[in-house]
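First comes the structure, then the notes that go with it.
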Amino acid sequence: MDAIIANIPETLLIRTRDEELVEVSSTFIRESGFLKNELHHNPNPNPGEIVVTVRSVALRNAITMIEMCDTSTPYVRLISDDDLRAYMQTIPQITEFIQSLHAFHVLDFHNLSYVLEMDRLKDFFTGFLLRRCTRENMHVIVSCMHTFRRLTQGNAAEAA
1 MDAIIANIPE TLLIRTRDEE LVEVSSTFIR ESGFLKNELH HNPNPNPGEI VVTVRSVALR
61 NAITMIEMCD TSTPYVRLIS DDDLRAYMQT IPQITEFIQS LHAFHVLDFH NLSYVLEMDR
121 LKDFFTGFLL RRCTRENMHV IVSCMHTFRR LTQGNAAEAA
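The sequence shown begins at 1 in the UniProt record's numbering and counts up by one.
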């Protein structure tokens, strides 16, 4: 359940996994269940920065996508694939933006949507796959997922 915060800051600095500081707006914060919960549970009303385990490029891509959206009303997750396909037809700029990303960045974006608990971005990813992914694109994405898994397992083994 998302935390309800009376005073969301106008901006917030996020320290990313690759040690970059990226500033996000209150609009972006409102879209993120994770950030709202972090602010809600932080005893400091102005935390300065929050550490999030996402890459800066994924965060910047997510900021770009949120800026393309009408965020005047809270986002409600779409249930059916047909609803998701229809929704994606109303926002071709988002589909085109995702399609312009390298497969690794698409996967980073997918990871970010779950880490930051951003339902709108989760649906963008799923809707993109439903509407635009060709068999070849899907093959590239699956190959990248396998590569990420191997890299992650290798890093976990080194840490142990």
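Just so it is clear, CB atoms sit at the ideal spot from N, CA and C, and this is done for glycine as well. Owing to the predicted nature of the structure, the values given are computational and were not obtained by experimental measurement.
Just curious, the alpha helix (DSSP H) that residue i is in, first and last residue?
i	result
I29	S26 to E31
Here's the rule I'm using: 16 or more other beta-carbon atoms within 10 Å means buried, otherwise exposed. How should residue i be labelled?
i	result
I79	exposed
L84	buried
T11	exposed
L35	buried
V51	exposed
G127	buried
E31	buried
A58	buried
A62	buried
D82	exposed
S72	exposed
M1	Its pLDDT being 40, under 50, M1 is placed unreliably by the model, and nothing is read from it.
residue 164	The displayed coordinates of the chain run from 1 to 160. Any statement about residue 164 would go beyond what the structure contains.
D70	exposed
L116	buried
Q89	exposed
H110	buried
L112	buried
In the DSSP assignment, find the beta strand (DSSP E) that holds residue i and state where it starts and stops.
i	result
T11	T11 to R15
Which residue or residues does DSSP assign as beta-bridge partners of residue i?
i	result
L21	R15
Counting only runs of 3+ residues fully inside the region 50-137, write out the beta strand (DSSP E) ranges in chain order.
-> none
Counting pairs of Cβ atoms below 8 angstroms between the region 36-48 and the region 95-115, do you hit three or more?
-> no
Inter-stretch contact at 8 angstroms, needing at least 3 Cβ pairs: the region 12-29 / the region 91-101 = no
For the region 112-120 and the region 66-77, state whether three or more C-beta atom pairs, one from each stretch, are separated by less than 8 angstroms.
-> With three or more CB-CB distances shorter than 8 angstroms, the region 112-120 counts as touching the region 66-77.
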